């Protein structure tokens, strides 16, 4: 990080020695996430067509439970860990102390989430309970997930990416075998749970091989928790917005519509991967190269935001216009009633992309508590809109509720919070040419 002045005030000189490494890591992270997501997406279509809407609804409900609980297992330490490791260096004493503290926090989080999953299973039908229990091994991944953050800071992730792709391919093969033989929902749920656990365990093993170590001195997790808990709450509220609709659709419309809804929103949510990968790979390097108040920092983020918005708009327009044929051809006639949902839900890519960048900017500006405010309001709005729209206009109401709530937390709520002015200026400078540098 630069200590004085602003050596990169000129956009033309924005290239830094770290830039080639940033691009390499971005490519590898993108390859990892892209290949695994593509495999999961294609196999997911096969699973959806084979199971049908009702059985898929049961599977989607079980996976939604784990999706909501997974960030609780990490207790919000993911982004903090990646940023701090990039700043201090993965082999430093600070990194070892941080890893020990994060491991303690994550172990406690894993115990909490497993207990929560068991409690939820007791409240469901036997079939749903069995599916929830089968996917629960994923919750044991929390203590091992620090390995991925350490490897990102280390920079040599090629070997780990190969392992992760191999795990995804193995899981995909297992799913195809299941749907062509027993079509068992609990078996499919178990594959998902084991896959998530294996990805985390392999990351920790590879990180250990490259020199990741826990400090021998006892480390207090309080400092980590102070910074991570606001991020945790923000992440939980955002995941509530992403997944509460599945629970509400199930409650108001039943498992068949839940399956239809879960199947079609996968097309839109697949596009979210671009923002997650780009920000996760680029943000730590931007922070390492520039001070958050420098022109170089603002320029780097503006460039990132502009590309992400263009990609989000392209994806939204394409999915919205082709929603009907996509659902009919790839999923089949049983899922056709959910095509209008995809046409609406596709536009959530724009606020989700911007929100991903906003959350990282909040970390850089040390205002993570504002993300809690934004996402809690958005989650409440999502729940309220779903409760009103689902009984009145049906399944498309869930898509409308998601789009409105996502847009609100990115473009409306932050305008009323003075603490977010710096972040607002960075985003506005990217979206409105000629704004202040």
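In my numbering, the protein residues as written are 250 to 686. Just so you know, even glycine gets a beta-carbon here, dropped at the ideal spot from N, CA and C. This structure is a prediction, so every number in the text was calculated from the model and none was measured.
Spatial neighbours of residue i in its chain, beta-carbon cut-off 6 Å, leaving aside the 5 residues before and after
i: residue 311; result: 380, 381, 384, 438
i: residue 523; result: 560
i: residue 506; result: 498, 644
i: residue 434; result: 304, 307, 308, 380
i: residue 668; result: 616, 619
i: residue 285; result: 417
i: residue 357; result: none
i: residue 445; result: 387, 390
i: residue 443; result: 386
Cβ distance (whole Å) where residue i is taken to contact residue j below 8 Å
i: residue 520; j: residue 564; result: 4 Å
i: residue 387; j: residue 441; result: 7 Å
i: residue 678; j: residue 515; result: With a Cβ gap of about 34 Å, residue 678 and residue 515 do not count as contacting.
i: residue 590; j: residue 513; result: 5 Å
i: residue 302; j: residue 509; result: 5 Å
i: residue 651; j: residue 673; result: Wrong, their Cβ atoms sit about 23 Å apart, outside the cutoff.
i: residue 602; j: residue 558; result: 6 Å
i: residue 370; j: residue 378; result: 4 Å
Inter-residue Cα distance where the pair is residue i and residue j
i: residue 627; j: residue 362; result: 23 Å
i: residue 604; j: residue 659; result: 6 Å
i: residue 529; j: residue 607; result: 12 Å
i: residue 409; j: residue 526; result: 16 Å
i: residue 340; j: residue 417; result: 29 Å
i: residue 580; j: residue 395; result: 37 Å
i: residue 576; j: residue 625; result: 32 Å
i: residue 309; j: residue 411; result: 28 Å
i: residue 267; j: residue 389; result: Low confidence applies to residue 267: its pLDDT is 49, below 50, so where it sits in the model is not reliable, and the reading given next is rough at best. Those two C-alpha atoms are separated by around 35 Å.
i: residue 462; j: residue 401; result: 15 Å
i: residue 596; j: residue 422; result: 32 Å
i: residue 366; j: residue 447; result: 19 Å
i: residue 420; j: residue 315; result: 17 Å
i: residue 405; j: residue 413; result: 14 Å
i: residue 654; j: residue 584; result: 25 Å
i: residue 554; j: residue 676; result: 7 Å
i: residue 646; j: residue 518; result: 17 Å
i: residue 455; j: residue 320; result: 22 Å
i: residue 566; j: residue 578; result: 19 Å
i: residue 629; j: residue 649; result: 14 Å
i: residue 283; j: residue 503; result: 32 Å
i: residue 609; j: residue 549; result: 13 Å
i: residue 634; j: residue 586; result: 20 Å
Outcome for residue i when other beta-carbon atoms lying within 10 angstroms are tallied against a minimum of 16
i: residue 274; result: buried
i: residue 642; result: exposed
i: residue 291; result: exposed
i: residue 372; result: exposed
i: residue 695; result: Any question about residue 695 goes unanswered here, given that the chain covers just 250 to 686.
i: residue 688; result: The structure shown does not extend to residue 688, since the chain is modelled only from 250 through 686, so no value can be given for it.
i: residue 278; result: buried
i: residue 664; result: exposed
i: residue 680; result: exposed
i: residue 287; result: exposed
i: residue 281; result: buried
i: residue 572; result: buried
i: residue 407; result: exposed
i: residue 662; result: buried
i: residue 364; result: exposed
i: residue 415; result: exposed
i: residue 500; result: exposed
i: residue 637; result: exposed
i: residue 289; result: buried
i: residue 218; result: Within the shown structure, residues of the chain are numbered from 250 to 686, placing residue 218 beyond reach of any answer.
Same chain, Cβ closer than 7 Å to residue i, five either side skipped, listed in chain order
i: residue 258; result: Bear in mind that the predicted position of residue 258 carries a pLDDT of just 34, short of 50, making it unreliable; the figure below should be weighed with that in mind. Contacts found: 544, 545.
i: residue 656; result: 600
i: residue 693; result: In the structure as shown, the chain begins at 250 and stops at 686. Residue 693 is therefore absent and cannot be evaluated.
i: residue 562; result: 599
i: residue 666; result: 619, 622
i: residue 582; result: none
i: residue 570; result: none
i: residue 254; result: Summary for residue 254: the model assigns pLDDT 37, below 50, so the residue's position carries little reliability; its value from the coordinates is reported in the next sentence. Closer than 7 Å at the Cβ level, and outside the excluded window around residue 254, lies no residue.
i: residue 424; result: 292, 296, 437, 440
i: residue 671; result: 614
Test: residue i CB closer than 9 Å to a CB of chain C
i: residue 633; result: The structure shown contains no chain C; it is built from a single protein chain.
Neighbourhood of residue i by C-beta, 8 Å cutoff - its chain only, sequence neighbours within 5 removed
i: residue 457; result: 396
i: residue 495; result: 309, 310, 313, 507, 510, 511
i: residue 427; result: 433, 436, 437, 440
i: residue 299; result: 428, 429, 432
i: residue 556; result: 527
i: residue 352; result: 392, 395, 463
Exercise for the section: Any chance you could list the alpha helix (DSSP H) runs of at least 4 consecutive residues sitting entirely within the region 542 to 600, in chain order? Expected result: 544 to 570, 572 to 579, 588 to 594, all fully within the region 542 to 600.
Problem - Secondary structure, alpha helix (DSSP H): runs of 4+ residues fully inside the region 365 to 434 - result: Listed in chain order, they are 375 to 384, 395 to 403, 407 to 429.
Exercise for the section: Kindly provide the ranges of any alpha helix (DSSP H) runs that are 4 or more residues long and lie completely inside the region 617 to 686, ordered along the chain. Expected result: Correct list: 617 to 642, 645 to 656, 670 to 680.
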